[in-house]
Amino acid sequence: MLVGKIDRVGRIRTLHGDMGVWHKYTFGLAGERFFRALAEKGVLLATRCETCRKTYLPPKIYCPTCFAELTVWVELPPRGYVETYTFLYEDLEENRLTEPVAVAFVTFPGVEGGIIHRLGEVRPEEVCSGLEVEAVLAAERSGGLQDILYFRPSRE
Ligand SMILES: [Zn+2]
16 MLVGKIDRVG
26 RIRTLHGDMG
36 VWHKYTFGLA
46 GERFFRALAE
56 KGVLLATRCE
66 TCRKTYLPPK
76 IYCPTCFAEL
86 TVWVELPPRG
96 YVETYTFLYE
106 DLEENRLTEP
116 VAVAFVTFPG
126 VEGGIIHRLG
136 EVRPEEVCSG
146 LEVEAVLAAE
156 RSGGLQDILY
166 FRPSRE
């Protein structure tokens, strides 16, 4: 094992090959419960601090304001509102999309935070801040944000 300070650039060597990197990402305690409820019941959960009277989405296990442990879980109403939005014109490989994709930060009344997700079943000119939206869930859910297909203008 080479450990030490490189004091001459000429001593730097290049190694070619693969470096095995393994990792496991977990949702954490609150995320696990959130995604399990989304997958199994099709509901959005948040946690509430009774001391601060704040509700958090994504749910947190400790209140970021008073540091109290949060044990009160609440089910969010089925409808939220577009707080802000943007349109995507290219995919991740910078290929031009045939149609722009609307992405919004969806918030819920009285809740700190929200969810960033795609909008669907909406014309670009209809998208605006304050638009009331509802989640369209996948028929087969696996416990991830993809369980929400998109948010669409709510249909009462
Ligand atoms: Zn608090």
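The working numbering puts the first residue of the sequence shown at 16, with every later residue one more than the last. Yeah, the Cβ is synthetic: ideal placement off N, Cα and C, and Gly gets one too.
Sub-8 Å separation of residue i and residue j beta-carbons
i: Tyr96; j: Leu146; result: yes
i: Pro93; j: Glu136; result: no
i: Val142; j: Tyr100; result: yes
i: Leu134; j: Ala119; result: yes
i: Cys64; j: Leu91; result: no
i: Val24; j: Ala61; result: no
i: Ala45; j: Pro74; result: yes
Neighbourhood of residue i by C-beta distance below 6 Å, restricted to the same chain and skipping five residues each side
i: Phe102; result: Pro115 and Ala117
i: Leu164; result: Val151 and Ala153
i: Gly57; result: Leu152
i: Ile131; result: Phe120
Residues that DSSP places opposite residue i in a beta bridge
i: Val121; result: Val97 and Ile130
i: Leu60; result: Glu90
i: Phe49; result: Looking at the DSSP assignment, Phe49 forms no beta bridge with any residue, so it has no partner.
i: Val11; result: Given a span of 16 to 171 for the chain in the structure shown, any question on residue 11 remains unanswerable.
Close-in-space but distant-in-sequence residues of the same chain around residue i (CB under 7 Å, 5 per side omitted)
i: Pro139; result: Phe102, Pro115 and Ala117
i: Ala54; result: Arg156, Ser157, Gly158 and Asp162
Rounded distance between the beta-carbons of residue j and residue i, thought under 8 Å
i: Glu98; j: Ser169; result: At roughly 15 Å, the Cβ-Cβ gap does not stay under 8 Å, so Glu98 and Ser169 are not in contact.
Cβ-based neighbour list, residue i, same chain, cut-off 8 Å, excluding 5 preceding and 5 following
i: Tyr77; result: Ala83, Glu84 and Leu85
i: Gly129; result: Leu72, Gly95, Glu98, Phe120, Val121, Thr122 and Phe123
The stretch 157-169 in contact with the stretch 41-51 per 3-pair CB rule at 8 Å: yes
Does the count of Cβ pairs from the stretch 119-129 and the stretch 62-73 closer than 8 Å reach three? yes
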